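I have placed the structure first, in the form of structure tokens, so that the comments after it can refer back to it.
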Amino acid sequence: MKDILFAQLESLYPEMVEIRRHLHMYPELSYQEKDTPEYIIAHLETLGIEYRRDVGLNGVVGYLKGAYPGPTVALRADFDALPIHDEKDVPYRSKYDGISHACGHDAHTATLMAVEKVMAGHRSQMHGNIVFIHQFGEELLPGGASSMIDDGCLEGVDYIYGAHVWTDDPIGTLGFRSGGTMAGDDNFTITVQGKGGHGALPHLAIDPLATASQLVMNLQQITRRRTGPNDPGVISIGSFHSGDAPNVIPDTAQITGTLRAFDIQSKYELAEEVKHVADLTARMSGASVNVDFTYGCIPLINPTEETEMLKSLSVRHMEDVTIIEKGRMMTAEDFAYYLQHVPGTFFFAGAQNPAVDAVYPHHHPKFDIDERAMLEVGKVFILALLHHLGPESAL
Numbered sequence: 001m002k003d004i005l006f007a008q009l010e011s012l013y014p015e016m017v018e019i020r021r022h023l024h025m026y027p028e029l030s031y032q033e034k035d036t037p038e039y040i041i042a043h044l045e046t047l048g049i050e051y052r053r054d055v056g057l058n059g060v061v062g063y064l065k066g067a068y069p070g071p072t073v074a075l076r077a078d079f080d081a082l083p084i085h086d087e088k089d090v091p092y093r094s095k096y097d098g099i100s101h102a103c104g105h106d107a108h109t110a111t112l113m114a115v116e117k118v119m120a121g122h123r124s125q126m127h128g129n130i131v132f133i134h135q136f137g138e139e140l141l142p143g144g145a146s147s148m149i150d151d152g153c154l155e156g157v158d159y160i161y162g163a164h165v166w167t168d169d170p171i172g173t174l175g176f177r178s179g180g181t182m183a184g185d186d187n188f189t190i191t192v193q194g195k196g197g198h199g200a201l202p203h204l205a206i207d208p209l210a211t212a213s214q215l216v217m218n219l220q221q222i223t224r225r226r227t228g229p230n231d232p233g234v235i236s237i238g239s240f241h242s243g244d245a246p247n248v249i250p251d252t253a254q255i256t257g258t259l260r261a262f263d264i265q266s267k268y269e270l271a272e273e274v275k276h277v278a279d280l281t282a283r284m285s286g287a288s289v290n291v292d293f294t295y296g297c298i299p300l301i302n303p304t305e306e307t308e309m310l311k312s313l314s315v316r317h318m319e320d321v322t323i324i325e326k327g328r329m330m331t332a333e334d335f336a337y338y339l340q341h342v343p344g345t346f347f348f349a350g351a352q353n354p355a356v357d358a359v360y361p362h363h364h365p366k367f368d369i370d371e372r373a374m375l376e377v378g379k380v381f382i383l384a385l386l387h388h389l390g391p392e393s394a395l
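First residue of the sequence shown: 1, per the UniProt record's numbering; consecutive thereafter.
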């Protein structure tokens, strides 16, 4: 059975590439996805797969019922893009200025759509059911996973699996990790209120720009001195805005940043430290400060049993792939919320290949992938499905 499903997936590779490149040319920003869900729905209707639309807001969930009783396994792919201009010189470059699939979500969706097509032809042999979760809004806090869960996308689900194509790793590698794998994240905006004045008379003003500059430096000390070496955290400043003229001390300055940690308690403690340091720094200069947090997703913690199971199956049945142990990463992923509710795992497929200029990091204007990574993800998904839903002879 495994060999048959693998062969069918491989035969769909040209279609997977076509789907991925279509989505790449027509990206949609988080929480603004309209055409992409309709594209997915049309595909599900063609395959005769039941579905729910507008799940959580813009999500789509497909339901494939097997002929025999058994567990229900969910597979998840995200489909939102980023506000990044596509600078690649390729035929499938984004047609929308300032928007691109610079993280691989187009590949995730194309892969899941191919797996749907393969499995739709084998529902009569399935001992259980499959739920196909097409998620919106992964890139923008708080993420689409929570609202889709609240809207019932995990009802009746026993296991869930997800993946990310990953340009840090070469094509032909699969990365697994049990336990803490990706960090939880929060974003913050800090507004420093000073007192404007003439640049030639700084003693009559309270300079918010100078205060905010000092605050940027002070914030860097939090993770260096307030977290232990075995409990890493990151605080990074992403933007700094203040003033309009060279000879005017502005009234306000604003900085924005992100906070990452692998432990939920540590994440909230770091957030409190950001507020404390901001208040002390402002008071030292006579300014005032407002700190506004957008709390993001929780750390992604992969259950050991399901992770090791899928890793072992990949070692046994994907001979041409190198299996690697992933280290902890400070990037965040709202797949973490699914794992709060049901066991499963989130793994990584190497997509780096200098021969096709797939060498740029995620969220880079020239980000691209070796599209063969989609086959690796699809095959691992199939292994997970066969493990749970197939007869013992399926693997």
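Backbone N, C-alpha and C define an ideal beta-carbon position, used for all residues, glycine too. If you're wondering where the values come from, they're calculated on a predicted model, not measured in any experiment.
Per-residue burial, residue i [other beta carbons within 10 Å of its own, 16 or more giving buried]
i	result
Asp150	exposed
Asn247	exposed
Ser11	exposed
Pro202	exposed
Glu376	buried
Pro14	exposed
Leu75	buried
Thr167	buried
Tyr161	buried
Residues near residue i by beta carbon distance below 7 angstroms, same chain, minus five either side
i	result
Arg328	Gly180, Thr181 and Phe262
Met119	Leu64, Ile130 and Leu385
Ile84	Ser100, Ala102, His363 and Pro365
Leu140	Ser30 and Tyr31
Gly66	Arg123, Met126, His127, Gly128, Asn129 and Leu389
Ser147	Gly56 and Leu57
Span of the alpha helix (DSSP H), counted from its first residue to its last, around residue i
i	result
Pro14	Tyr13 to Met25
Asp150	Gly144 to Asp150
Glu272	Ile264 to Ser285
Gln340	Ala336 to His341
For residue i, the first and last residue of its enclosing beta strand (DSSP E)
i	result
Cys93	Checking the sequence shown, residue 93 turns out to be Arg, not Cys. Element bounds for Arg93: n/a, residue is neither H nor E.
Ser30	Neither: Ser30 is in no beta strand (DSSP E) and is coded neither H nor E.
Met309	First-last for Met309: Thr304 to His317, but that is the alpha helix (DSSP H), not the beta strand (DSSP E).
Asp186	Gly184 to Gln193
Leu174	Thr173 to Phe176
Heavy atom of the ligand MN within 7 angstroms of residue i beta-carbon
i	result
Leu310	No copy of the ligand MN appears in this structure; indeed no ligand is present at all.
Secondary structure of residue i, DSSP reduced to three states
i	result
Thr36	helix
Asn58	coil
His140	It is worth fixing the name first, because residue 140 is Leu in this sequence and not His. Note: Leu140 maps to coil in three-state DSSP.
Ile249	strand
Met119	helix
Gly378	helix
Val216	helix
Ala77	strand
Met329	strand
Ser124	helix
His198	strand
Val289	strand
Residues near residue i by beta carbon distance below 8 angstroms, same chain, minus five either side
i	result
Thr252	Thr191, Val192, Gln193, Gly194, Pro208 and Ser242
Ile237	Val216, Leu219, Ile255, Thr256 and Gly257
Met16	Ala110, Thr111, Met113, Ala114, Glu371, Met374, Leu375 and Gly378
Same chain, Cβ closer than 6 angstroms to residue i, neighbours up to 5 away in sequence not counted
i	result
Val115	Gly378 and Phe381
Asn353	Ile171 and Asp370
Phe136	Glu33, Asn58, Gly59, Asp80 and Gly144
Asp86	Arg93, Ser94 and Ser100
Lys311	Phe176
Ser395	As written in the sequence, residue 395 is Leu, which differs from the Ser given in the question. Excluding residues within five positions, the ones whose Cβ falls inside 6 angstroms are Lys2 and Leu386.
Thr173	Thr322, Ile324 and Gly350
Ile156	The question names Ile, yet the displayed sequence has Gly at residue 156. The answer, listed in chain order, is Thr72.
Gly344	Tyr159, Ile160, Tyr161 and Glu306
Thr36	Glu28 and Phe79
Counterpart residues of residue i in DSSP-defined beta bridges
i	result
His164	Phe348
Tyr63	Glu50 and Val131
His241	Gln254
Tyr68	His127
Contact with chain C by residue i, beta-carbon distance below 8 angstroms
i	result
Phe132	Absence of chain C from the displayed structure is noted, only one protein chain being present.
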